[in-house]
Structure formats: structure tokens, C-alpha cells
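Protein chains in written order, with the working numbering: chain A, 1 to 91; chain B, 1 to 388.
Think of the CB as a built atom: it goes at the ideal place given N, C-alpha and C, for glycine as much as any other residue.
Structure below.
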């Protein structure tokens, strides 16, 4: 069983999880969070969302879901969005 | 890198809160204490006050819930999302995932105090910070027994609600509240050891207005009416590189805090050493002796005064040499202040205070003598400053 407080590892290796995560915390359009709506996304939006998260979390902004990035995404955290409104740059 | 303000804040500073639904696996009284402590993280640096109510309308409602709980933002079981809170414009409420293993003062589980202090930052108008060491960073970083707000958090909350204007603990100063103080402005906790032996090594204000007492290896932060809950703590944890049993300390108008012990002194910027220290006192404070009793920046002229035995020195960094004229002079010039004092402080209310044994004196800068008041000075340090 994962050490208490960490999101289950199996859950983290699912692409949909990352999309949901980035949408939940303000890096992608909230509509991505609606599992019933198929969501096609262009590569540049996806890359930009990952880079914004990496920048906010103090990681190398590779634009890829590398090991370091997915590790931080699996940390227990606060449910409030990091970005106060989708697409807005931080003050 | 810095804090982020969501854009709304409370227009009042005396806020109320209610724990509408408690966690299923913790003692209610303990939850009350931990959440009060979490609020005090923010009231320590502002004039915000937080009063718990059991019923009726409040500013901030707190609930421990599982899964979907009526706000469209369901919790996800153990791990993942631990809690969320709403900014003032959206009501300020805070919700915690009751599926988490909430813990108190333990490495196991998820620390309730730290997560609650973070969520209450949102309830007050703070967004997430990208400063990794800040409380308002979004990621839970595990139990931290020496928890301290990061400067980034302090700047964020003071950008919203201003700095703390402490009232006089010693009963002086114009800012003494005319009405009885709110009951639970911030949790103060009597410290039996300090009450039993209220002799102190030194007392000083930090650049951001907090007041600290040093004794031996430990320190306490003062609240409006006593010592803050969760103290004493180790000096070496908060001011890395600083030893215990400090002789004297003061914060100068450059925002740096200077500590003196034996023949050495240290300079800190906040709680970070500000260069290579210790240095010799004779090197940085020419004309000032070793093994000091006390030091302060006097409210009367902004110069630095050092006290030792029955003598005192005036140090003016703007002069060459900084100690001019016929110093040292007899301490008896400070009419009514005894020799061999333990500590001295210009408190944030602008008054100058001297401490010796378990007593203290408030100094009247105009008459240049101990203030007259009822009750008269000296007064009990334990009662008036330590909340005993």
C-alpha cells in the first residue's frame, strides 16, 4: 500500500489523471474535468499547461510529464487552484 | 517568486468561526486547540482576531467531510486533495477531507495544524505561493515540529491586513484598548517554568514587530497578553548559528537584529545570519565592552545604548568615533533604574522598558526617569508580560 498520504501510484500513471489534475488546479480549461465530455486538445496547450505547473512547482520546465513532475503531482496537497482563473497569468 | 493575493479580503478584523462538523477520529477539545493555534499563525502578524463560536452566524465555517459534500468539489479519499477553502468573496469557509488520517504533533498521518493554517490563509484572501518554503505553497510537506511562517507568507498577509500594532503589555502607551480585550484573540499559554522563574536573558523586537524573550537555549514569542502557545522553542532552530545564553539583543532601523554574547556579536536579517558571524564586539562596536547586560535603541533619540554593571554607553553609528565624549556614564543617570539589569527594550508602543530579576520598569523619556503610574514600578514581569 502506498505510504499514507501519497496518491496511489497506479492512479498517477493514467493520462486522464494528469489532465484532470492540471484542470483541477487551473492549468487547463475546467471542461477537461468533465469525464463525460471527450476533450481533444492541441499539443501546444498541453505542453504549456505542463510547463506552467512545472514553473509554479519550481521544477525544470520541460513540458514533458517526466518522473520529477509526476512525483510532485502525486503529493498530497490543498484543493484550491494554483491559478486564480484559467489562463490568467499570476499577479 | 512570491505570494499571491486572490483579490478579496475581509473588511473587518475581528472574525468569528465555527467548527460545524468535527473530524470523526479526533478529540473535539484537541481539534478546538489546534484550529485556534492555526488561526493564531495569522493573528500573530496582523491585528486580526479570531473568536470561536458554537452556534449562530460566523464569518468562517469549518467542516470535516467525505467525498461529495455539497459544494461541487468532492474530496478524493486518503491522499490527493487534503482540504480546500473559499476566499472571503466566496464566503471564507474551510472544508477538510475527513477520510484523511488527521494527526496532532505527530509524524504519522497528516498534520491538522499545518493544513488548517494553510486553508485559513485562503479564507483570509491568500492564493497559493510559488515559494516552496512558504506555508501557502500548495503541497503538504509533512509534519514540521519547528513550524514557522515564511517571510513570504508574512508579507502576503500584511499586504492584506497591515502589520500588527501591539498594545502595551505593561499597561502603558496610548494604544491600550479601552474595552476588554476579545476573549480568544490568539491562544496564549502560560509557561509554568517561566512563571516560576521570570528572570530573562534578553528581550527584543524583530523587524516585523514580533517580540521575543530569550532564556538559556530557548525563546518565547509574546502575544498581547502573555506568551504564544507552542513555546518555548529552541533558539538554534529559529536562528541557525546562534548560541543560547545571549547577553543582549536589539533590532536597528536597518531591519537587522544584533545579538551579543561574551566578546562576540552576530547580525541576522530576520532569522537568517547576515554574513560571516560571530565577530568581535570590539570589531563592530568599537568602544563597547564585552559581557554586556543589555542593549536597546532608545525611543528618545534613536541611538543605541549598551548597559553593563553600573555603567552605560551611547553608540551612534553615524558618528566617528561612534562612542564619543565621556562614556561610560553612571547608569544612575537613568533615574530609578537599578544597576546590573538583565534586559532592556523599546517596545512597539514606543515606551522603553528595563528588566531585572522578576521585575520591570517603564521609562518616561520626557522626564528621563522611571514612569509614575498605578500600580507603581517596578511591576511583576511574570504577571504583566508573561501572562502568569
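Item: Contact with chain A by residue 88/B, beta-carbon distance below 9 Å; Value: no
Item: Pairwise C-alpha distance: residue 117/B and residue 136/B; Value: 9 Å
Item: Paired residues, beta bridge with residue 95/B - DSSP; Value: 63/B, 84/B
Item: Start and end residues, beta strand (DSSP E) containing residue 35/B; Value: Segment 28-43 is the alpha helix (DSSP H) holding residue 35/B; no beta strand (DSSP E) there.
Item: Of the listed residues 271/B, 10/B, 247/B, 302/B, nearest to residue 290/B (C-alpha basis); Value: 247/B
Item: Backbone secondary structure at residue 304/B - three-state DSSP; Value: strand
Item: Segment limits, alpha helix (DSSP H) that includes residue 29/A; Value: No alpha helix (DSSP H) contains residue 29/A, which DSSP labels as neither H nor E.
Item: Within 9 Å, strictly: CB atoms of residue 63/B and residue 21/B; Value: yes
Item: Contact set between residue 77/A and chain B, taken where Cβ atoms lie within less than 8 Å; Value: 80, 81, 82, 138, 139, 140
Item: Contacts of residue 132/B in chain A (Cβ-Cβ under 9 Å); Value: 57, 58
Item: As assigned by DSSP and simplified to three states, the class of residue 46/A; Value: helix
Item: Interface flag, residue 172/B vs chain A, CB-CB below 9 Å; Value: Because the pLDDT at residue 172/B is just 35, under 50, the model does not fix this residue reliably, and the value given afterwards should be weighed accordingly. No, because no Cβ of chain A sits closer than 9 Å to the Cβ of residue 172/B.
Item: Neighbourhood of residue 131/B by C-beta distance below 8 Å, restricted to the same chain and skipping five residues each side; Value: 1, 2, 3, 137, 150, 152
Item: Partners in chain B for residue 82/A, counting only beta-carbon separations shorter than 7 Å; Value: 128, 138
Item: Inter-residue spacing [alpha-carbon to alpha-carbon] between residue 43/B and residue 327/B; Value: 43 Å
Item: In DSSP terms, what residue 335/B is bridged to; Value: 369/B
Item: Rounded straight-line distance, which links the Cα of residue 269/B to that of residue 204/B; Value: 14 Å
Item: Residue 336/B to residue 330/B span [Cα, whole Å]; Value: 12 Å
Item: For residue 195/B, the three-state DSSP class (helix, strand or coil); Value: helix
Item: Euclidean distance between Cα positions of residue 74/A and residue 286/B; Value: 56 Å
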